[in-house]
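Here the sequence shown stands for residues 1 to 381, where the numbers follow UniProt numbering. To start, the structure under review is shown below, and the notes come after it.
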Amino acid sequence: MARDYYGILGVSKGASDDEIKRAYRKLARQFHPDVNPDPEAQEKFKDINAAYEVLSDDRKRQIVDLGGDPLAPGGGGPGGPGGPGGAGPFVGFQDIMDAFFGGATGAGRGPRPRTRPGADAILRLELDLQETAFGVEAPITVDTAVLCTTCSGAGTAAGTHLATCEACGGRGEVQSVQRTFLGQVVSARPCTVCQGYGTTIPHPCPTCAGDGRVRTRRSLTVKIPAGVEDGMRIRLAQQGEVGPGGGTAGDLYVEIHERPHDVFSRKGDDLHCRVTVPMTAAALGTRLTIKALDSEEPVDVKPGTQPGSTLRLRARGVPHLRGAGRGDLYVHLDVRTPTKLDAEQERMLREFAKTRGEEVAELTKQGGFFSRMRDAFNGHA
Ligand SMILES: [Zn+2]
Ligand SMILES: [Zn+2]
């Protein structure tokens, strides 16, 4: 809340300059520390002086009349480039809201700190299935801002210091009174001389030009746990961008991208693969050796196995990222029908069909529906 400067001096809002001066002199004599040693009187004397400072200055008094407090932290200052009307013809909506609800004029934002936290960084890391499944220590190259070792983040050249900005008196912002469609408002804008810092760097560090950080390329090793999935991010605390002024580094996120595998497709922690077995093996049953990710698994294909059958090998998938155990490996069986039969094989198959009572019509020589069907299938065999 803005202080009641009129109340402190005991004058009305319409008081003339003379009235204000008289009220101030009277109260100053009464509460001056030389004549009144009471500690409360000292406080009162400070208030009186503040009230007089504000109400005897036309611009500050105008700010008070608009509900602002020119003495609040960040609340205006000695006339700078942003004096009345100096901040351009437009007042942003936020400024207006600030003016009415105390954002800029009452609470005060103050100068913004030179040292601010850094941003997070993200890095894409391509891994193959073997690595995502069982983990890996992957070398990565990181391009980020790091602390400037010449100035340790201060931004100043050796033996020099920051200087208080003369344009804004160190407040980092300047207040102005402007006419808007909502009437007159007080608005605050960052000081253009110091970019709102309230300080300037007369002699910037030659290495970082005052930023307190420099861009550099680093090599790190990131430990990828077993079971990570495509799209997951590994967080490396404070390995991201160092902030302006050497502020605390953000985090580095390493985003996992899993390369497609030649044999296995992955769904969660389960793996899927396709294995082709000849029609005869599917009919008679057989034993296969499946090359899983990290083992060889004997698998029995039962006699009479149909095309599209699936075998499930428990715990031969990807290890779970959290908790023990692994996903499963699903082996999808494609049954292959022979595409080229010599005369003897064909004779035996016809014989076989006959013993099963399966009628197989002979194809006509000039082709026809079945011939076209056969060609179509062959095309996909
Ligand atoms: Zn530096
Ligand atoms: Zn400034």
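Each residue gets a CB set at the ideal place from its N, CA and C atoms; glycine is no exception.
- When the alpha-carbon of Leu220 is set against those of Ser309, Leu123, Arg116 and Pro319, the nearest one is in Leu123.
- In terms of Cα proximity to Val186, the closest of Ala145, Ala283, Arg61 and Leu129 is Arg61.
- For Thr199, the shortest separation between its Cβ and any heavy atom of ligand 1 does not lie below 7 Å.
- Distances taken from the Cβ of Gly250 to the heavy atoms of ligand 1 include none shorter than 7 Å.
- Around the Cβ of Thr216, a 10 Å sphere holds fewer than 16 other Cβ atoms; the residue is exposed.
- Between the stretch 234-244 and the stretch 282-302, the count of C-beta pairs closer than 8 Å stays below three; the two stretches do not touch.
- For Arg322 and His161, the gap between their C-alpha atoms comes out near 52 Å.
- Here Val275 has Leu288, Ile290, Val331, His332, Leu333 and Asp334 as same chain residues with Cβ atoms under 8 Å from its own Cβ, once five neighbours each way along the sequence are excluded.
- Lys223 and Glu255 have their C-alpha atoms some 13 Å from each other.
- Straight-line measurement puts the Cα of Cys148 at about 51 Å from the Cα of Tyr6.
- Cβ contact annotation for Ile20 (same chain, cutoff 8 Å, sequence separation greater than five): Leu9, Val11, Tyr52, Leu55 and Ser56, in chain order.
- Each residue's CA atom was taken as its position, placing Pro225 and Gly135 some 5 Å apart.
- Rounded to the nearest whole angstrom, the C-alpha separation of Cys273 and Ala138 is 27 Å.
- Under the DSSP assignment, Lys223 falls in the beta strand (DSSP E) whose first and last residues are Arg213 to Ile224.
- The beta carbon of Leu313 lies closer than 6 Å to those of Glu297 and Leu329 in the same chain, with the five residues before and after it left out.
- Between Thr280 and Leu341, the alpha-carbon positions lie close to 13 Å from each other.
- At least one heavy atom of ligand 2 is found less than 7 Å from the C-beta of Cys168.
- Around the beta carbon of Leu252, 16 or more other beta carbons lie within 10 angstroms, which makes this residue buried.
- In the DSSP annotation of this structure, the continuous segment of the beta strand (DSSP E) that includes Ala188 starts and ends at Gly183 to Pro190.
- By the Cβ test, the stretch 191-204 is in contact with the stretch 158-172, since at least three Cβ pairs between them sit closer than 8 Å.
- Excluding the 5 residues flanking it on each side, Asp47 has same chain C-beta neighbours closer than 6 Å at Ile8, in chain order.
- Between ligand 1 and the CB of Thr150, the shortest heavy atom gap is smaller than 7 Å.
- Here DSSP, grouped into helix, strand and coil, assigns Thr156 to strand.
- For Cys208, the distance from the CB to the nearest heavy atom of ligand 1 is below 7 Å.
- Looking at the DSSP output, Glu241 sits in no beta bridge, so it has no partner there.
- The closest heavy atom of ligand 2 lies 7 Å or more from the beta carbon of Cys205.
- It is roughly 53 Å from the alpha-carbon of Pro33 to the alpha-carbon of Val214.
- Between Arg114 and the set Ser309, Ala324 and Gly246, the nearest pair of CA atoms involves Gly246.
- Assignment of beta-bridge partners to Asp270 by DSSP yields Lys267.
- Secondary structure at Leu162: coil, using DSSP grouped into helix, strand and coil.
- Proximity of the beta carbon of Gly172 to ligand 2 is indicated: a heavy atom of the ligand is located closer than 7 Å.
- Rounded to the nearest whole angstrom, the C-alpha separation of Ile201 and Arg3 is 34 Å.
- In the displayed model, Ala121 falls within a strand according to three-state DSSP.
- Of the heavy atoms belonging to ligand 2, at least one sits nearer than 7 Å to the Cβ of Val193.
- For Gly231 against Asp269, the beta-carbon gap comes to about 14 Å, at or over 8 Å, which does not count as contact.
- According to the DSSP assignment, Pro298 belongs to the beta strand (DSSP E) that extends over Glu296 to Val301.
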